[in-house]
Amino acid sequence: MKRIVCLMGWSMLLLLACEEVVIIDIEELDERVIIEGLITDQRQQAFVKLTRSRDFYAEGPADRITNALVEVTINDGEVVQFVHNPDRFPALEGYYFPFGGLEGVVGSEYRLSVRIGEELYEAREAMPPVTTIDSLTTRFDQSEFDDPQVSGRYYQVLLNAQEPQDRDDQYLFKFYRNDTLIRDFPTDIYVAEDELLGGNIAELEIAGYYALDDVARVEMYSLTREAFIYYSDLSNLLNGDGGLFSPPPANPRNNISNSALGYFQVSALALDQVVVYDPR
Amino acid sequence: MLRSGIALLFMLFSLQLTAQNRVTLSGYVRDGATGEELLGATVFVKEKQNGVVTNGYGFYSLTLEPGKYTFLFSFIGYETVERKLVLNESLSLNIDLIESSQTLEEVVVVSEREDENVTDIQMSRNDISIAQVKKLPSLFGEPDIIKSIQLLPGVISAGEGTSSFFVRGGSADQNLILIDEAPVYDPSHLFGLFSVFNADVIKSSELYKGGIPARYGGRLSSVLDVRTKDGNNQRFGGEAGIGLLASSLMLEGPIKQNESSFIISARRSYVDAFLRAADQDNLVFFYDVNAKINWRASNKDRFFLALYAGRDDFDFGDTFGFDWGNRTATFRWNHLFNDKLFSNTTLIANSFDYGLGSTSATNAFNWDSNLSEFSFKEDINFYISPSLTLDFGYHLTYRKFAPGKIVPGATSILGATELQNEQALDHAIYLSVKHKISDKLTLDYGGRLSYFQNVGDYTLYLYDDVRDNINPTRIDSIQYGGFETIVDYLNFEPRFGARYLLNKSTSLKLSYQRMVQNTHLISSGTVPVPFNTWAPSSTYLKPQVADQFALGYFRNFKGNSYELSVEAYYKDIQNVTDFADNASIFFNQDLPTEFRQGTSTAYGTEFMLQKKKGLFTGFVSYTWSLAERTVEGVNQGRVFFANYDRRNTLNIVGTYEHSPKWTFGGNFTYGTGRPITLTSGTYEFGESYLPDIITERNGYRLPAFHRIDLSATLTPQKARKNKNIETSWVFGLYNVYSRKNPFTLFTSIPLDDDGQVEGDGTLREARMIYLFPILPSFTYNIKF
Chain A
1 MKRIVCLMGW SMLLLLACEE VVIIDIEELD ERVIIEGLIT DQRQQAFVKL TRSRDFYAEG
61 PADRITNALV EVTINDGEVV QFVHNPDRFP ALEGYYFPFG GLEGVVGSEY RLSVRIGEEL
121 YEAREAMPPV TTIDSLTTRF DQSEFDDPQV SGRYYQVLLN AQEPQDRDDQ YLFKFYRNDT
181 LIRDFPTDIY VAEDELLGGN IAELEIAGYY ALDDVARVEM YSLTREAFIY YSDLSNLLNG
241 DGGLFSPPPA NPRNNISNSA LGYFQVSALA LDQVVVYDPR
Chain B
281 MLRSGIALLF MLFSLQLTAQ NRVTLSGYVR DGATGEELLG ATVFVKEKQN GVVTNGYGFY
341 SLTLEPGKYT FLFSFIGYET VERKLVLNES LSLNIDLIES SQTLEEVVVV SEREDENVTD
401 IQMSRNDISI AQVKKLPSLF GEPDIIKSIQ LLPGVISAGE GTSSFFVRGG SADQNLILID
461 EAPVYDPSHL FGLFSVFNAD VIKSSELYKG GIPARYGGRL SSVLDVRTKD GNNQRFGGEA
521 GIGLLASSLM LEGPIKQNES SFIISARRSY VDAFLRAADQ DNLVFFYDVN AKINWRASNK
581 DRFFLALYAG RDDFDFGDTF GFDWGNRTAT FRWNHLFNDK LFSNTTLIAN SFDYGLGSTS
641 ATNAFNWDSN LSEFSFKEDI NFYISPSLTL DFGYHLTYRK FAPGKIVPGA TSILGATELQ
701 NEQALDHAIY LSVKHKISDK LTLDYGGRLS YFQNVGDYTL YLYDDVRDNI NPTRIDSIQY
761 GGFETIVDYL NFEPRFGARY LLNKSTSLKL SYQRMVQNTH LISSGTVPVP FNTWAPSSTY
821 LKPQVADQFA LGYFRNFKGN SYELSVEAYY KDIQNVTDFA DNASIFFNQD LPTEFRQGTS
881 TAYGTEFMLQ KKKGLFTGFV SYTWSLAERT VEGVNQGRVF FANYDRRNTL NIVGTYEHSP
941 KWTFGGNFTY GTGRPITLTS GTYEFGESYL PDIITERNGY RLPAFHRIDL SATLTPQKAR
1001 KNKNIETSWV FGLYNVYSRK NPFTLFTSIP LDDDGQVEGD GTLREARMIY LFPILPSFTY
1061 NIKF
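First to last, the protein sequences are chains A and B. Sequential numbering of the first sequence, starting at 1, is according to the working numbering. Sequential numbering of the second sequence, starting at 281, is according to the working numbering.
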């Protein structure tokens, strides 16, 4: 809905405008710390990723922080230490994993504490409940069949789930085709809040088109209100027009102290997958 | 204030009665060819070296001792009429002025009253001549007074192709735009490419940037008072214009000659016809209709009925569409109680609405929103003597704000939601005195008392913390019944102006005004879009209050051929309405949690040199200005540049009457770039997102823009007066050297030609949007 409103602002420009790449002259940035944390009710998923901010025109990945002290306290009791990249995988530099694993529980509160040098960063989040996914079905898309972007991919996958009306829920969706994360546009973020939803999520199209026998997987993460706000703000920042017709860009509101960017997300997860078939 | 105002009135009345036997000359000044009243025409008494100006309906009144006088009636563009009269008793005299013909010789008659720039007490006001607007180059060949306003000193535009304007450090919603006394909430068509003002029907348009008279209120920064023609009551005629993007037709004529007349005009764009022909799914069109009837029942009573309706409609394929429009209806009654007391009673009904709809299977919805208002106004001009005029009156407006309801489609996953309506009653009573103290000094003082009530039917929610916009928590609700006052605000707005004549062609002027705004635009972008809603002052939104001082130096040269004005202003706004960082302003049930009101400071200097006579006319305007805001909750409470802050603006505008057939026009415009909130770095988040880091609101500045536009008008028929049909062609060239003027800047991920992400996905780039390269246009006009 918000995307549509943003698009309105662009619509006049779509009719007439020309675009050109320009080089902008930006001042030196004060370095910021970015903390990305995730705890779910699935044992394998918990991690904390620490990186530094980068220059606008920098190439390559951001600098990783590999010597921080990271721990999570559960319900102000048990403390779980996180260890940096225990298996020494090059791709996992900057990632910290719970020693002995961490399987979250709906309703528990988790407090993250990250110490980098002299600075301390903290965040607190509780795990909200998640609904279940009833089913994933498929639909044949005639217009995509007539002119497919990728040969063979002309099926859509539809999500069906119940949406409990007696509580406030927010969700983040991730869609995978054969284990690869897919989005319709690189800057899409798929979040929903139930304030605008009706009773059911019925036949909601997920991102992407699929070929027969592709494995489509949907991950549905429950979000706290704060996490939903973070992802909405992030989506506005990634998709905005710079403040001409839409609100001016701003950093997303997050739950981490001491001016760190990023978010400490604690979610319950609902999963489902389907092998794409022809529904006709 | 009220009591002393009434006391003053009584005192002046009794002064009247006990004074010597004075006589009054009064009447209307009109265009001899069409019967249209001329507002702002000067009636000057030579022997008294004093005079008055006709009011908004062309009425004047001069009360003098009996005697022999020479009266000069003049108005720019018309031949001055001189009448020598012996006044022994009061006399009603209507004067018809004839348009001065433009000849190849220098215009010989120089009226003393064309020094209005110097002698009139009004400062910070610009009259926009429609005749002049039509001779100048315009975007797509559509003459537009708002684009012309953007060339005046002290007025800034957000960028090309927009119809919003920013006056002396005020945002776009701080301008009171009136068409025949009815407010217009969105003056734009096609997102600002055109404005709702059809140049064919405009009689006069005045922009007040400061020294705003007490009869105006409701917005902080400016008043654009546009009046449409009443309709030629002598003969039937019309005009048609065919342009590249839109065409218009106007018909006017007498219903009963010299007594009543009508004017009707319609304008429609046909961009949709082109798009349909090109097999495009996207359609866009707009239309305007203006209609007016007026009836001069007697010399004492006149009635006017004016209607306006306009609409824009966009459709994007089958997926979604939106439309918006204004509708106004005004009924006015001019009544002369006696030859000194002129009354205007107005009834206005006004509505602005928009709708948004999407027909996609899962996201289908319809959103409709509407603002309607009804007003009653009583305005009186009391011409006590040539040195003393009183204006006073009472205005009452009822407004209903319906921000919207979402109705989902049958298969939509969205639920139905509705935002509450709000209602407000806006009362104002004003008095202003224009007082010539001596030959050199004239004062204009007075004030406006505004009383604003936010009333029910309404449920007011109380919040645990009204600034918590992450988890807004309502703790209580209070139910208000119909027209029950929820909160009220009383404000006094003093208005003061002074003009001191240094000599016959030089003056100094000073003004102070306080303006109060109780209708707030809910928009946090720089350029308002039609679906920004308006909201009344309420429990959570305090009235915005602006204080402005202005000082000016005015000088005329070479017998009033050149007018120089230099003005400096300082404006301070309390409770300027702004929104928290990351505010969600569309369809937010807890919108009060996003309001952040702060202060705004703006100051600047404006310089304008105009050449008003001769074959070559035009002006140079230069403005240096600065506008900044401090709002808690925005930019961490630190001061930041306002969205419309432009340091330097230079406009050079000229028209050259080469011959009766050919007129050339041109303008050069230059402006410092506006500020924009831009990245200062990026970071990694999620599987591949690269968000920008924002450290400073409006910390970056777009490059400057400048361009030259040219136009040529060809009028083939040599004699313009006595032929029945006059045709003309206007050829235009917009952005002659095709400069890529930056419209806005945004960051994105570089994509290659196939639309795939370039490189390893860690790259970012900045893209600039620019709108119009060199654009030729032509318009064909017929006048009959």
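Ideal Cβ placement from N, Cα and C applies to all residues, glycine included. Small disclaimer: the values here were computed from a predicted structure and weren't measured.
Partners in chain A for Ser804/B, counting only beta-carbon separations shorter than 9 Å
The residue labelled residue 804/B in the question sits at position 524 within the second sequence. By Cβ distance, chain A contributes Gly243, Ser246, Pro247, Pro248.
For Arg515/B: DSSP bridge partner residues
Taking the first residue of the second sequence as position 1, residue 515/B is located at position 235. DSSP lists no partner for Arg515/B.
Could you name the residues of chain A that Pro774/B contacts, counting a contact when the two beta carbons are closer than 8 Å?
Walking along the second sequence from the start, residue 774/B turns up at place 494. Within 8 Å Cβ-Cβ: nothing; Pro774/B doesn't reach chain A, min ~35 Å.
Boundaries of the beta strand (DSSP E) in which Arg794/B is found, first to last residue
By one-based count along the second sequence, residue 794/B stands at place 514. Looking at the DSSP string, the run of the beta strand (DSSP E) that includes Arg794/B is 786-797.
Under 9 Å by beta carbon: chain A residues contacting Arg747/B:
As a working mapping, residue 747/B is identified with position 467 in the second sequence. Within 9 Å Cβ-Cβ: nothing; Arg747/B doesn't reach chain A, min ~13 Å.
My output table needs one value for Asn701/B: the three-state DSSP class, helix, strand or coil.
For this step, residue 701/B is matched to residue 421 along the second sequence. Residue state, collapsed to three classes: coil.
Using three-state DSSP, classify Arg747/B as helix, strand or coil.
The sequence position of residue 747/B within the second sequence is 467, counting from 1. In this structure, Arg747/B counts as coil in the three-state DSSP scheme.
Looking at the structure shown, is Pro1082/B part of a helix, part of a strand, or coil, going by DSSP?
Nothing can be reported for residue 1082/B, as the shown portion of chain B is limited to 281 through 1064.
The segment 803-814 of chain B / the segment 494-510 of chain B touching (three or more Cβ pairs under 8 Å):
no
In this structure, does DSSP put Arg43/A in helix, strand or coil?
As a position in the first sequence, residue 43/A is number 43, starting the count at 1. Looking at Arg43/A - three-state DSSP - the assignment turns out to be helix.
Establish whether the CB of Thr131/A and some CB of chain B are separated by less than 9 Å.
On the first sequence, position 131 is the one that residue 131/A refers to. Closer than 9 Å: no.
For Glu61/A, would you say it is in contact with chain B, using Cβ-to-Cβ distances shorter than 9 Å as the test?
Residue mapping note: residue 61/A aligns to position 61 of the first sequence, counting from 1. In the sequence on display, residue 61/A carries Pro and not Glu. Yes, Pro61/A counts as interfacial toward chain B.
I need the straight-line Cα distance from Asp737/B to Ala704/B, nearest angstrom please.
Stepping through the second sequence from its first residue, residue 737/B is reached at position 457. Stepping through the second sequence from its first residue, residue 704/B is reached at position 424. Cα-Cα distance, rounded: 10 Å.
Determine the chain B residues that contact Phe97/A at a beta-carbon separation under 9 Å, and present them in chain order.
For the purposes of this step, residue 97/A is taken as residue 97 along the first sequence, with counting starting at 1. Under the 9 Å cutoff, chain B gives no residues; its nearest Cβ is about 17 Å from Phe97/A.
For Ser484/B, the nearest candidate out of Leu342/B, Asp581/B, Asp311/B, Arg909/B (CA to CA)
The residue given as residue 484/B occupies position 204 in the second sequence. Among Leu342/B, Asp581/B, Asp311/B, Arg909/B, the Cα nearest to that of Ser484/B is on Asp311/B.
I'd like to know if Pro1056/B contacts chain A, where contact means its C-beta is closer than 9 Å to some C-beta of that chain.
Reading the second sequence from its first residue, position 776 is the one you call residue 1056/B. Taking Cβ atoms only, chain A never reaches closer than 9 Å to Pro1056/B, which makes this a no.
Whose CA, out of Asn330/B, Leu470/B, Ala321/B, Gly1035/B, lies closest to the CA of His715/B?
Residue 715/B sits at position 435 when you count from the first residue of the second sequence. Here the closest residue by C-alpha is Asn330/B.
Checking the sheet assignment: what are the DSSP bridge partners for Ile988/B?
Position 708 of the second sequence, counted from the start, is the residue given in the question as residue 988/B. Its beta-bridge partners are Phe948/B.
Burial state of Val275/A, where buried means 16 or more other Cβ atoms lie within 10 Å
For this step, residue 275/A is matched to residue 275 along the first sequence. Label assigned to Val275/A: exposed.
Give the interface partners of Ser960/B over in chain A, defined as CB-CB distance under 8 Å, in chain order.
As a working note, residue 960/B is residue 680 in the second sequence. Under the 8 Å cutoff, chain A gives Ile26, Glu27, Leu29, Phe56.
Contact check, Leu621/B vs Ile660/B under 8 Å by CB: the rounded distance?
Start at 1 with the first residue of the second sequence, and residue 621/B comes out as number 341. Start at 1 with the first residue of the second sequence, and residue 660/B comes out as number 380. Going by Cβ atoms, the distance from Leu621/B to Ile660/B rounds to 7 Å, so yes, they are a contact pair.
Nearest chain B C-beta to Pro90/A closer than 9 Å, yes or no?
Looking up residue 90/A in the first sequence gives position 90. Pro90/A does not count as touching chain B.
Ranges of the beta strand (DSSP E) found wholly within the segment 999-1024 of chain B, counting only runs of at least 3:
1006-1014
Nearest chain A C-beta to Ser864/B closer than 9 Å, yes or no?
Within the second sequence, the letter at position 584 stands for residue 864/B. So yes, Ser864/B belongs to the interface.
Can the beta-carbon of Arg448/B be found less than 9 Å from the beta-carbon of Ser905/B?
For the purposes of this step, residue 448/B is taken as residue 168 along the second sequence, with counting starting at 1. For the purposes of this step, residue 905/B is taken as residue 625 along the second sequence, with counting starting at 1. It is a contact, given that the beta carbons lie within the stated cut-off.
Measuring straight from C-alpha to C-alpha, what distance separates Ala17/A and Leu431/B?
As a position in the first sequence, residue 17/A is number 17, starting the count at 1. As a position in the second sequence, residue 431/B is number 151, starting the count at 1. Distance between the alpha carbons of Ala17/A and Leu431/B: 23 Å.
Give the DSSP bridge partners of Gly521/B, in chain order.
Residue numbering aside, residue 521/B sits at position 241 when the second sequence is read from its first letter. For Gly521/B, which the question treats as bridged, DSSP gives the partners Ser528/B, Asn1061/B.
For Ser391/B, name the three-state secondary structure that DSSP assigns.
Taking the second sequence and counting its residues from 1, one reaches residue 391/B at position 111. For Ser391/B, the predicted structure reports a pLDDT of 40, less than 50, and the residue's modelled location is therefore unreliable. The matter cannot be settled from this model.
Proximity below 9 Å, CB of Phe542/B to CB of Asp552/B
Position 262 of the second sequence holds residue 542/B. Position 272 of the second sequence holds residue 552/B. No, these two residues do not count as a Cβ contact at 9 Å.
Pull up the CB-CB distance for Thr608/B and Ile459/B, whole angstroms please, since I reckon it's below 8 Å.
On the second sequence, position 328 is the one that residue 608/B refers to. On the second sequence, position 179 is the one that residue 459/B refers to. At roughly 6 Å, the Cβ-Cβ gap stays under 8 Å, so Thr608/B and Ile459/B are in contact.
I'd like to confirm the pairing. Which residues does DSSP put opposite Thr137/A in its beta bridges?
Taking the first sequence and counting its residues from 1, one reaches residue 137/A at position 137. Bridge partners of Thr137/A: Leu158/A.
Distance cutoff 9 Å, beta carbons only. Does Asn258/A sit that close to anything in chain B?
In the first sequence, residue 258/A corresponds to position 258, counting from 1. With 9 Å as the cut-off, Asn258/A does not count as an interface residue toward chain B.
Neighbour list for Ile229/A in chain B, Cβ cutoff strictly below 7 Å
Locating residue 229/A in the first sequence gives position 229, counting from the first residue. Chain B residues near Ile229/A: Ile750.
Got a sec? Which residues, its chain only, sit under 8 Å from Tyr842/B by beta carbon, not counting five neighbours each side?
Residue numbering aside, residue 842/B sits at position 562 when the second sequence is read from its first letter. These residues qualify, in order along the chain: Asn836, Leu889, Gln890, Lys891, Lys892.
Hey, how far is the Cα of Leu788/B from the Cα of Tyr833/B?
The sequence position of residue 788/B within the second sequence is 508, counting from 1. The sequence position of residue 833/B within the second sequence is 553, counting from 1. Cα to Cα, the separation comes out at about 5 Å.
Report the neighbours of Leu159/A on chain B: residues whose CB is nearer than 9 Å to its CB, in chain order.
Residue numbering aside, residue 159/A sits at position 159 when the first sequence is read from its first letter. Correct list: empty, because the minimum Cβ distance to chain B is about 10 Å.
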